[in-house]
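Residue numbers (our numbering), protein chains in the order written: chain W, 1 to 129; chain E, 130 to 304; chain X, 305 to 901; chain L, 902 to 1486. To keep things clear, I will list the structure first and then write my remarks on it.
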């Protein structure tokens, strides 16, 4: 990777990266990617987020689903760790709590494939700037 | 390293009186390498102690003496630092070191009962180690997993929302 | 892909469940089935919406309609009107108390504006181990702006204008702190990030470091430019391995991008960052102790002055800021100091991150504007008290703070108000306690912590806190005497007045605040030998209700100390001074004849 | 700048502490941990006891006056009710964690904590029954007793051991209530790098660090009719003993001291000074032989020669400079030379069997207690010197014996081992040994009479000094250091080639033995130490003989018994060897 040598470099890079992310995040194409984020902070990992992450990766790969799975930091819902956020193209993100391997599969099978919600969805309760 | 005879000769102030074990050459070399990687800088003493404890599991006197020699500082100073920070231990830990979080969140959710249950189950006190060397028991302050309170760590694994009645079952996972 | 066109989310939190939310789920499903809509709309029970005051809650997706105070009888009309005809049920909509107008969309409800994430802006949003995601979210843009558009002095002016105060506990104005370090002359200066988060029950800093490590690096770079330092150090708890890992990854990535190192962004500014590890000493959160610890010594605080800004790490001017403070810095430059100063209360600007824990439904990490009330935090965001118990107190400020009670629920939270209420902001731990928590025991718990964590250097803290703890212990064991409360008060006042560092000067706060707010509980322990919360084992009394006792002798046979006497088929009784309060009799009694008081 | 203290306005210089400013208006604020070792250029200022707190207008909490600098317009109250309550409460806290065995405490009457309790009128300690005390294992080394139950954590000993002496035997250890100052692993001092210099004892405000008390055993020996008990007194003792009886520092009490010892019941009262003269004969001969060899071009010769009179210094180089064990003079210290001669030559002359002869020494030093226990100085397990009492113990013994010291007439030492020259007397001051050696070596080297007797260039209080003395055309370069920290500086300098010297004198204690760890406590007061030095130089000036080789009894000793300096017999009785005691081996 090239070094960022000036503010201009940084701005160019930002635009590029932003577009990539926007492609991922805001595409209205129904066939576009589903974004899954697993909260992988200490609480989450302690509660089993790694297993969830692995299960999601394995299952989506096996089924060749158009899904991007990333790790992220603490979403703040410590009461319901492990937590997984799923954003389907053009829809509001949904946060699932108390996710284990079984529930991870259920998220794929029920929510991602069929739009069916699971019990224990966590209402998002903050705005991020 | 001699780790067996300290149980038999506890002294008044809890520092085990034991035959000062001689370090093997390779062990001395490990310590030298660690000190070297920190440029033998005494300002890096805490980092050096961290690395050494990572390698040896604990910091018995002979290791502290070796570090003092390498850094050319009094061993009393090393000992002063080791005894100041709870992270450093002069006692070997069990194969599965158990740490119970006594942070406020865990406390109000009953971590004291977990401590009692573990003491009873293992027959050892805080700071102790089971005769077979399998488990050692310690307390710590807040691992930051307050959402899972009460929390206990066995090795690196965090067990959250622990119920005193589950202790037996959890321990059987470690055999 | 979706087969359901609509989702009906029903709050399944404790509060709402208590008011028949399970029944609502059932009725909604019945109504849908009756209308043949089972395949179009799905009913789901969710976690707590944190809006228990107006519960039960039903939220309709995708249009985000938010119904409050729903009863099972309303199920039919929601299905008939909203699901079938697409018309909102006005009567059930949430009414904004300020504007008196029904809010149709949950996004426009004040409740959801209560949390605003500035310090946590990227936590749970980006991949912390990917610098690109940080840059895509305007990462390092603030640094670029500062380096290209501001002199150090001008940049510090910006921080000053924002009104940002230190989030580590003291609340010292950050800009002023930077300015002091800037004006010192020295061959080398240091920027230190204090990540030795030690308050039990606080995990804000850990979350930021784990979720958004680059924001801390960026802020340290800006600070380095402002004060004229080329070296940064992060002093981080060894107990946070994940945070350490993520910081290391972030530092490596920043170096690869040339954002750390020599001549950053071509501005002729050099800066690099190293990590220093704590080793389990709470007192090292105090900046002079932290500096000694970074120098490889015992973390014993030293007298101020000299302040670290004059003589800190290795005797050089050193600026120490806490993690959360730093996390705010880039945003201040990007959005402007006026924007930041527009959030919060008069004396405390911006937001504060709190770690909500204890007997609360929504244990978690929240970020709220300064000036929000405790009631909003606990009952709305936090979803109220666990298991429907009664709220008793909330502890803020960790071992340095105090307990706030019902009467403080509507006090706006900021640095000055909390101090006035006998507590302090501290680093942001908020431990909620309910009716089962004995406040004398809580004070004892904190003192035990302080005794464990006192460095031992100064006499008032080393010995005084031990004596405070012993007095509290004596009271919880039922040996309290009439003048113990005076003793506690005098000792507390003297320790506050004479201890060397911040740890000792604030350590009696849990005692003083519980004495002020829960005096009757102390009195009950001392004069009535009773623990109103029933937590102090030594003060529990087991007794047998003669009218219920059948004389089956089960209790007597199971009493290990032979404290229970009585003839067979006659009412038994417990000899109090023999009883060891083990509770075995209570378990064995099949006739509910044994009581604890 | 101007400020107000207790309603009095006062002008002070920038940088003045509130404590010092208060003193200027006549207010002495009580304090405990603070200690200004001005003679050593070191201030122990942890600001940790919190006794000296004062109220400063506009400040939230109380301020430690010892560590708070005056600022313009400051208003200070040193004794407001708030201050008094805090001060007394803190003192009570300290006492609540302090044993109450003051009656039998070695520091009783001289204890700074006790003095504070008296001054503050503490009559009861408001703390709960059975309050926990921090207790530690007792450690009794041959010289020093550590009873850390009495430690108030002023850290003076730690400062002295590390900053002044650079010995590093002591460090703050543990945390919180159990924090204490201790050697590594709370091992015994004897197993630590401690040199027994005793400077920690000299600054300890309480009974936490005290010397091993040998007075009961000495009294028992005196009471035993089968034993002949003789005593030797080191030069520095006579310059400080008077302080224990209310005399000003620097009062010479040689005659009264002899009288007192005789009255206590010693069979012979001798002078270590006699052995000091003997030391010069041996060490001087060694120095000259090495210089001669060097001048003859012997490249193996070990120069500079280092003095070896100071047992703490000997311990120090055995610990820290194991590679230089053949550099110091092999001459024993005067105390041990005295013991060796007493238990051979003298025992013969007075017809007493070795095991019935008890040799007691009075020393300004605690390391001497250890030195006389060293195996090299025993014959079949019987030590050359049986007991070494400190100056403080002698004062105690005199008081116990109900002797009105101030009213005693002057008495003289016994012959033959009581005679000494002025050169021996100045052994007690830094630079004195080397000056004494110079007086003799000059004459032996040049064969000429040395006109100059007072070598002022060798005297003084500077920590590291160097000077050149012209030995009739041959310049002899001399180095002097006192305090072990300075010794380390000088030695490291020699090692690094920064100094080119022929002879070095090193004394472990500030100002030399006059500032020894066994002397009446000087608490770092430079005036006291200098006054004691001056007293020794005064006694030197008054002596008819001022060069060691002129001592007639020394000449007689060589003629009758030893032969000549460095003879095989002299080697056997008056020289020693050194051991590697570093932790590296």
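Think of the CB as a built atom: it goes at the ideal place given N, C-alpha and C, for glycine as much as any other residue.
- Residues 181, 192, 195, 196 and 199 of the same chain have their beta carbon placed closer than 7 Å to that of residue 160 of chain E, with the five preceding and five following residues left out of the count.
- When C-beta atoms of the stretch 1138–1155 of chain L are compared with those of the stretch 1429–1443 of chain L, three or more pairs fall below 8 Å, so the two segments count as touching.
- Contact between the stretch 1061–1070 of chain L and the stretch 1030–1043 of chain L is absent: fewer than 3 CB-CB pairs across the two stretches fall below 8 Å.
- In the DSSP annotation of this structure, the continuous segment of the beta strand (DSSP E) that includes residue 945 of chain L starts and ends at 943–945.
- The beta carbons of residue 1140 of chain L and residue 1309 of chain L sit no closer together than 8 Å.
- Taking C-beta atoms as the reference points, residue 1090 of chain L and residue 1047 of chain L count as a pair closer than 8 Å.
- Within the same chain, 715 come within 7 Å of residue 721 of chain X by CB-CB distance, once the 5 residues on both sides are set aside.
- The beta carbon of residue 37 of chain W sits closer than 6 Å to those of 70, 72 and 85, all from its chain and outside the five residues before and after it, given in chain order.
- Straight through space, the alpha carbons of residue 645 of chain X and residue 668 of chain X are spaced by roughly 26 Å.
- Residue 627 of chain X and residue 607 of chain X have their C-alpha atoms some 24 Å from each other.
- Where residue 455 of chain X is concerned, there is no enclosing alpha helix (DSSP H), because DSSP gives it neither an H nor an E.
- For residue 1075 of chain L, the chain E residues whose C-beta falls within less than 7 Å of its own C-beta are 212, listed in chain order.
- Inter-residue distance for residue 1291 of chain L and residue 1167 of chain L is about 16 Å (C-alpha atoms, whole angstroms).
- Contact annotation for residue 48 of chain W against chain X: no contact, minimum CB-CB distance about 15 Å [criterion: below 9 Å].
- Judged by DSSP secondary structure, residue 1058 of chain L falls within the alpha helix (DSSP H) whose first and last residues are 1057–1060.
- Proximity of chain L to residue 206 of chain E at the Cβ level (cut-off 7 Å) is accounted for by 1069 and 1072, in chain order.
- Under the 10 Å beta carbon count, residue 297 of chain E is surrounded by fewer than 16 other beta carbons and is classified as exposed.
- Taking 8 Å as the CB threshold, residue 79 of chain W lines the interface with chain E.
- Listed along chain E, the residues sitting closer than 9 Å to residue 42 of chain W by beta-carbon distance are 272, 273, 274 and 287.
- The residue among L:1269, L:1183, L:1286 and L:1481 with its C-alpha nearest the C-alpha of residue 1345 of chain L is L:1183.
- The C-beta separation of residue 816 of chain X from residue 758 of chain X comes to about 18 Å, leaving the pair out of contact by the 8 Å criterion.
- Chain E has a Cβ within less than 8 Å of the Cβ of residue 581 of chain X.
- When 8 Å is used as the limit between beta carbons, residue 277 of chain E is near these residues of chain W: 43, 46, 47, 78 and 81, in chain order.
- Residue 1082 of chain L counts as buried, since no fewer than 16 other beta carbons sit within 10 angstroms of its beta carbon.
- Residue pairing by DSSP places residue 954 of chain L opposite L:965 in a beta bridge.
- Where residue 39 of chain W is concerned, the enclosing beta strand (DSSP E) starts and stops at 34–39.
- Per DSSP, the beta bridge partners of residue 1382 of chain L are L:1365 and L:1407.
- Restricted to the stretch 709–750 of chain X, the beta strand (DSSP E) segments that are unbroken, complete and at least 3 residues in length are 733–738, listed in chain order.
- From the listed residues X:497, X:610 and X:546, the smallest Cα separation to residue 630 of chain X is found for X:497.
- Look at residue 598 of chain X here: in three-state DSSP terms it is helix.
- The beta carbon of residue 696 of chain X sits no closer than 8 Å to any beta carbon of chain L.
- According to the DSSP assignment, residue 1290 of chain L belongs to the beta strand (DSSP E) that extends over 1288–1291.
- The stretch 1366–1386 of chain L makes contact with the stretch 1397–1407 of chain L, as at least three CB pairs between them are under 8 Å.
- In this structure the stretch 1211–1222 of chain L touches the stretch 1268–1276 of chain L; the number of beta carbon pairs closer than 8 Å is three or more.
- For residue 1440 of chain L, the enclosing alpha helix (DSSP H) starts and ends at 1427–1443.
- Judged by their CB atoms, residue 968 of chain L and residue 954 of chain L are not nearer to each other than the 8 Å cut-off.
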